[in-house]
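Since the structure comes first, as structure tokens, the remarks are kept for the end.
Residue numbers (the working numbering): 38 to 173.
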């Protein structure tokens, strides 16, 4: 509902409103961006992981799933409140730092399906072993 207002506010700025983007275009967009802005709170959030898998840092609101996936100062920058000033401060911090794309990719790879399944399997095996030990 705010798209038209936002487009007017961004007129002349380095901002492009793309609308719905096809999946195959996302990788190119991530690869070509400086960073991903993730200003909302989500339970998990795939966009930050997709950005990091492309070696790009994330400017994220420090709540929700971002706390589980983004490492402040290493794979991105956190901001504490959902305000313009807080977001601007985080972007300025990002601009003043450099980030290691390979380190960001390596961190994101920890959240791939195979390592996740391995961790879940290990957890379940530990639970089962503990349960069996209690029954003996």
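A virtual CB, placed ideally from N, CA and C, is assigned to each residue, including glycine.
- In the displayed model, residue 74 falls within a strand according to three-state DSSP.
- For residue 108, same chain residues with a beta-carbon under 8 Å away, outside a window of 5 residues either side, are 144 in chain order.
- Taking the Cα of residue 106 as reference, the smallest distance to any Cα among 158, 153, 170 and 169 is reached at 153.
- In this chain, the alpha helix (DSSP H) harbouring residue 153 covers 150-172.
- The three-state secondary structure of residue 98, taken from DSSP, is strand.
- In the structure shown, residue 49 falls within a coil segment according to DSSP collapsed to helix, strand and coil.
- Partner residues in the beta bridge of residue 109, as assigned by DSSP, are 113.
- Its Cα nearest to that of residue 138, the residue 113 stands out among 113, 155, 83 and 54.
- Counting only the Cα atoms, residue 161 lies some 32 Å from residue 115.
- Rounded to the nearest angstrom, the Cβ distance from residue 72 to residue 52 is 14 Å, too far for a contact under 8 Å.
- Segment contact: the region 69-88 against the region 44-61, fewer than three CB-CB distances shorter than 8 Å; contact not assigned.
- Residue environment for residue 88: buried (at least 16 other C-beta atoms within 10 angstroms of its C-beta).
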